[in-house]
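Participant:
Protein chains: 4
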Amino acid sequence: MTTVLTPTLGTEPARGRPRNQQTHGAILDAARDLLRQEGESRFSFEQVASAAGVSKASIYRRWPTKGALLMELYMEGFSDVVRKDAQSFRSEIKRYLLSTVERLKDPLWRSILCSLMVEGQHDPVTAELLHSKVVGPRRAAGLALLAHAANKRQIPAGLDHELVLDLLFGPLWYRVLFGHAPINNDFVERLLKQVEPVLFAHESS
Amino acid sequence: MTTVLTPTLGTEPARGRPRNQQTHGAILDAARDLLRQEGESRFSFEQVASAAGVSKASIYRRWPTKGALLMELYMEGFSDVVRKDAQSFRSEIKRYLLSTVERLKDPLWRSILCSLMVEGQHDPVTAELLHSKVVGPRRAAGLALLAHAANKRQIPAGLDHELVLDLLFGPLWYRVLFGHAPINNDFVERLLKQVEPVLFAHESS
Amino acid sequence: MTTVLTPTLGTEPARGRPRNQQTHGAILDAARDLLRQEGESRFSFEQVASAAGVSKASIYRRWPTKGALLMELYMEGFSDVVRKDAQSFRSEIKRYLLSTVERLKDPLWRSILCSLMVEGQHDPVTAELLHSKVVGPRRAAGLALLAHAANKRQIPAGLDHELVLDLLFGPLWYRVLFGHAPINNDFVERLLKQVEPVLFAHESS
Amino acid sequence: MTTVLTPTLGTEPARGRPRNQQTHGAILDAARDLLRQEGESRFSFEQVASAAGVSKASIYRRWPTKGALLMELYMEGFSDVVRKDAQSFRSEIKRYLLSTVERLKDPLWRSILCSLMVEGQHDPVTAELLHSKVVGPRRAAGLALLAHAANKRQIPAGLDHELVLDLLFGPLWYRVLFGHAPINNDFVERLLKQVEPVLFAHESS
DNA sequence: TGATAATCGAGACGGTACGTCCGGTCTTGAC
DNA sequence: GTCAAGACCGGACGTACCGTCTCGATTATCA
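Chains as they are written, first to last, in numbering that gives the first Met the number 0: chain A, 0 to 204; chain B, 0 to 204; chain C, 0 to 204; chain D, 0 to 204.
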């Protein structure tokens with residue numbers, strides 16, 4: 000179940016006795032179970048180790064930080080980053096938002112994502128990890144998509160691309176954080192509809 | 000320095016020896032200092048108590064939760080919630096966003112806000128507190144403002160007011176969480192400019 | 000069961016919630032049981048805490064060091080330090096040696112004594128404790144006894160008192176350490192008989 | 000620097016790739032350095048291995064026990080066991096005691112000896128090793144010496160030889176263990192002088 | 001004038017988790 | 001069969017907080 004794109008976040012063994020893949024899997028499974036059942040409050044290396052039947056050292060060897068382990072879980076089976084060669088900006092971004100919303104329906108995945116963000120608030124290492132693995136790539140893909148669209152004159156020239164992405168991702172995070180309103184396909188639909196005028200405002204003027 | 004609007008979040012004494020206001024102040028001062036100097040990582044009731052020269056019980060007596068204490072700090076000298084009787088929606092919302100951005104420049108305030116949000120992620124009590132004291136009122140005021148504007152036909156009728164607020168507050172939180180882009184007056188300016196077409200899209204069509 | 004001569008080796012509470020005597024007793028009981036059943040190898044604060052149903056902190060609060068705890072156990076019900084006002088040096092020292100031999104028959108006591116000595120070999124704090132509580136007092140009493148006897152001209156004047164004590168206690172420790180020969184009343188008898196000529200050598204000359 | 004008398008305490012290789020003598024030496028050197036610099040507290044196979052640039056397995060292959068390794072260090076360049084054919088008991092025992100005292104001045108050697116004794120207190124294997132390699136031979140030589148002297152009627156017949164040795168070695172260990180008094184040539188001189196009457200007490204009677 | 005009641009600082013209490021270290025064993029690939 | 005490297009489980013280390021509690025002492029209001 001380990002991701003292919005990011006083979007392993009823990010350092011590689013290289014020489015010496017190779018790492019046991021079963022141990023690896025047991026840790027991830029235990030971590031997943033803990034998060035699913037107990038929520039992030041009960042999530043500790045201590046608990047993970049004991050649940051996985053593994054020594055704490057075996058976890059620290061792979062992931063120096065709670066954030067690093069969470070990131071590994073987050074990355075699992077992940078391949079749907081925004082595609083740069085998409086036909087239209089709108090359809091591609093919609094595809095991405097819908098798939099994100101889909102994943103957020105799984106309490107586990109939501110738990111992972113939130114925990115990751117929480118860790119990032121007080122651990123600079125996790126913050127950096129979050130930026131390089133999650134936020135950065137998504138934004139980069141989005142920017143590329145926007146540049147592509149701008150090149151094709153599908154969207155106006157003077158647009159603040161950074162801000163456009165903030166307008167798309169920000170509301171999602173906002174609702175995740177405070178849960179003041181539902182997150183579903185309808186929300187995506189409405190969000191895109193609202194943001195659309197932004198993309199074509201200058202055109203119409 | 001205690002707030003006036005929300006006298007105390009902890010229950011009141013009623014009978015018996017009244018609570019010492021100096022103790023109260025010392026706790027808040029110590030909490031503020033700790034957050035300012037050490038960041039939220041070092042922030043614990045234990046530390047606050049020892050820094051304030053106060054017993055832990057005296058803190059728990061007033062604030063049952065880290066979240067409750069943080070909320071008290073957050074509330075201090077707060078009176079600039081959105082005014083319902085504002086002239087125009089745009090100017091009022093701009094005033095609010097600018098004042099928020101201004102406050103976010105203070106690392107202490109930012110620290111408080113983030114810690115509060117973090118606590119809310121795994122403590123339902125804090126989550127509820129956060130909703131009833133922070134998110135709720137702001138959104139209510141915003142909705143009232145939007146309703147007022149809609150009444151006066153300043154904005155189109157079919158607008159999803161909830162979503163409009165998400166579009167305004169979401170990007171702000173998004174940048175606070177990940178720090179991928181600066182938060183300043185220019186950001187507010189651009190944000191409003193971008194969202195404007197949303198408000199008048201139907202009008203122009 | 001706590002000794003009276005050395006009330007408690009851990010620091011005293013003075014203010015705040017007073018220490019629970021049951022907790023105190025439970026720790027000592029658990030420690031004693033562990034040493035008796037498992038020997039000193041299994042003896043760890045972790046084990047003691049869990050066996051006593053007590054938190055580790057409660058142990059560390061009282062005894063900062065394994066050596067300190069062992070010392071408390073060693074001191075329990077201890078009142079037979081050499082009496083300075085003894086009739087004759089020989090009878091008094093014999094009484095002390097015999098009672099020591101008696102105690103050494105108890106594997107628990109022997110275990111405590113050895114562990115204490117072992118700790119003292121690499122922990123300066125325990126070494127100091129050992130000196131101030133065990134070795135020092137015994138030697139002081141012995142020296143006083145010798146001085147008394149010298150005063151009464153029961154033993155010759157030019158005697159090296161320090162060395163006399165080494166000759167009496169050294170062989171005992173030597174046999175405890177290596178177990179090359181039995182430690183029993185007969186040993187004490189023979190030891191004293193052998194050392195006697197030393198005490199009266201000059202007299203006879 | 001490897002000893003010749005006791006080639007290796009670990010089992011010999013027999014067939015397959017022969018053991019690397021450099022590895023052997025590196026381990027002993029590292030062990031010596033660690034003991035010299037850090038004292039016995041920092042002395043662990045883990046540390047020795049890393050300091051020697053050697054795998055832990057390579058150490059365990061040679062010495063199954065910390066005690067075994069310490070014994071190897073202790074044995075290095077050792078050839079001055081008591082000689083049975085000595086002229087007089089007194090001069091020979093004095094020679095031995097003085098050479099021991101000389102060695103004890105070296106903190107390294109003292110450290111090795113103490114660690115060895117400490118290990119022997121809770122590891123039966125090391126205890127046995129200690130007896131067969133250190134205590135046993137010395138006592139055997141001492142007993143032979145005493146028997147020789149008794150044969151020549153240099154010492155009285157009814158003497159408890161075991162006890163005589165305890166009187167000579169015991170005080171030395173006693174001072175090593177607790178450091179309550181200096182260990183030097185003067186001490187040896189006085190010790191022998193004190194014990195002398197023991198040896199000739201019966202003679203004089 | 002007391003009783004009652006809640007406060008105060010101090011700190012003990014059982015827990016849980018932290019991140020590190022060591023012990024002894026096992027597993028590689030290379031020699 | 002050795003070698004260096006290093007993973008593996010188990011377990012202890014000493015520290016930090018958690019939220020609750022128990023003290024002796026203080027300071028109010030109510031009877």
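From the three backbone atoms N, C-alpha and C, an ideal C-beta is built for every residue, glycine too. Model, not experiment: these values are computed from the prediction.
Residue range of the alpha helix (DSSP H) that L162(A) falls in?
Facilitator: L162(A) -> alpha helix (DSSP H) spans H160 to F177.
Participant: Buried or exposed for E127(D), going by 16 or more other Cβ atoms inside 10 Å?
Facilitator: It counts as exposed.
Participant: Give me the Cβ distance between D159(A) and Q193(B), rounded to the nearest whole Å; I'm assuming they're in contact under 8 Å.
Facilitator: Going by Cβ atoms, the distance from D159(A) to Q193(B) rounds to 7 Å, so yes, they are a contact pair.
Participant: How would you write the range of the alpha helix (DSSP H) that G66(B) sits in, first residue to last?
Facilitator: Run containing G66(B): K65 to M74, per the alpha helix (DSSP H) assignment.
Participant: Quick one: list the residues of chain D neighbouring M116(C), beta-carbon separation under 7 Å, in chain order.
Facilitator: Those within 7 Å of M116(C) in chain D are L176.
Participant: Determine which residues of the region 39 to 60 of chain D have a Cβ less than 8 Å from any Cβ of chain C, and write them out in chain order.
Facilitator: Here the close residues are E39 and S40.
Participant: Quick one, which residues of the region 124 to 147 of chain C are near chain D if we go by CB-CB under 9 Å, in chain order?
Facilitator: So the close ones are A126, L129, H130, V133, V134, G135 and R138.
Participant: Residues in the same chain with beta-carbon distance under 7 Å from V124(B), minus the five sequence neighbours each way, listed in chain order, please.
Facilitator: Answer for V124(B): T64 and G66, listed in chain order.
Participant: Please list, in chain order, the chain A residues whose beta carbon lies closer than 8 Å to that of P155(B).
Facilitator: Correct list: empty, because the minimum Cβ distance to chain A is about 11 Å.
Participant: Give a yes or no on whether 9 Å exceeds the smallest Cβ distance from L171(A) to chain B.
Facilitator: Answer yes: the Cβ-Cβ gap between L171(A) and chain B drops below 9 Å somewhere.
Participant: Shortest alpha-carbon distance to A48(A) belongs to which of L72(A), E71(A) and H23(A)?
Facilitator: Of the listed residues, the one whose Cα sits closest to A48(A) is H23(A).
Participant: Assuming F177(D) contacts H130(C) under a Cβ cut-off of 8 Å, what Cβ separation, rounded to an integer in Å, is found between them?
Facilitator: So it is a contact: roughly 7 Å between Cβ atoms.
Participant: Quick check on DSSP: helix, strand or coil for P123(D)?
Facilitator: Here P123(D) sits in helix by DSSP.
Participant: Give me, in chain order, the residues of the same chain whose beta-carbon lies closer than 7 Å to that of L107(A); leave out the 5 immediate sequence neighbours on both sides.
Facilitator: Counting only Cβ-Cβ distances below 7 Å, and skipping sequence neighbours, we find R31, L34 and R35.
Participant: May I ask you to verify whether the region 139 to 153 of chain A touches the region 152 to 168 of chain B, counting CB pairs closer than 8 Å and requiring at least 3?
Facilitator: These segments do not touch.
Participant: Give the residues of chain D in contact with V197(C), contact being defined as C-beta atoms less than 8 Å apart.
Facilitator: Within 8 Å Cβ-Cβ: Q193, V194, P196 and V197.
Participant: Using three-state DSSP, classify V197(C) as helix, strand or coil.
Facilitator: In the structure shown, V197(C) sits in a helix (DSSP, three-state: H, G or I).
Participant: Which residues in chain D sit within 8 Å of L27(C), going by Cβ to Cβ distance?
Facilitator: Near L27(C) there are no residues of chain D at all, since even the closest Cβ is about 21 Å away, more than 8 Å.
Participant: Does DSSP put S49(B) in a helix, a strand or coil?
Facilitator: Three-state DSSP puts S49(B) in a helix.
Participant: Can you pull the chain D neighbours of E161(C), defined as C-beta to C-beta under 7 Å?
Facilitator: Simply A180.
Participant: Residue range of the alpha helix (DSSP H) that Q36(B) falls in?
Facilitator: Counting along the chain, the alpha helix (DSSP H) containing Q36(B) begins and ends at Q20 to E37.
Participant: Assuming contact is defined by CB atoms lying nearer than 9 Å, are L69(C) and I111(C) in contact in what I supplied?
Facilitator: Yes, the Cβ-Cβ distance between L69(C) and I111(C) is below 9 Å.
Participant: Within its chain, find whatever has a CB closer than 8 Å to the CB of S204(D); leave out the 5 residues flanking it on each side and keep chain order.
Facilitator: Its pLDDT being 37, under 50, S204(D) is placed unreliably in this model, and the coordinates cannot settle the point.
Participant: I want to verify the contact list: residues of chain C whose CB lies under 7 Å from the CB of L166(D), in sequence order.
Facilitator: Within 7 Å Cβ-Cβ: L166, P170 and Q193.
Participant: For I26(A), which of E37(A), S40(A), E45(A) and G15(A) has the nearest alpha-carbon?
Facilitator: Ranking E37(A), S40(A), E45(A) and G15(A) by Cα distance to I26(A) puts E45(A) first.
Participant: Taking R189(C) as the query, report the chain D residues whose CB atoms sit under 8 Å from its CB, ordered along the chain.
Facilitator: Going along chain D in sequence order, the residues near R189(C) (Cβ under 8 Å) are D159 and L162.
Participant: Using only alpha-carbon positions, find the residue among E195(C), K104(C) and P181(C) that is nearest to L164(C).
Facilitator: The shortest Cα separation from L164(C) among E195(C), K104(C) and P181(C) belongs to E195(C).
Participant: For Q120(D), go through chain C and note every residue whose CB falls closer than 9 Å to its CB, in chain order.
Facilitator: The contacting residues are E39, C113, S114, M116, V117 and L176.
Participant: Is there a Cβ from chain C that is less than 9 Å from the Cβ of F186(D)?
Facilitator: Yes, F186(D) counts as interfacial toward chain C.
Participant: Alpha carbon to alpha carbon, what distance is there between E75(C) and G52(C)?
Facilitator: If you take the alpha carbons of G52(C) and E75(C), they lie about 22 Å apart.
Participant: Whose CA, out of F88(A), R18(A) and P181(A), lies closest to the CA of K104(A)?
Facilitator: Comparing Cα positions, the closest option is P181(A).
Participant: Closest to G38(C) by CA distance: which of V133(C), F199(C), L115(C) and L166(C) is it?
Facilitator: It is L115(C) whose Cα lies nearest to the Cα of G38(C).
Participant: Alpha carbon to alpha carbon, what distance is there between L167(A) and R109(B)?
Facilitator: Taking the straight line from one Cα to the other gives about 23 Å.
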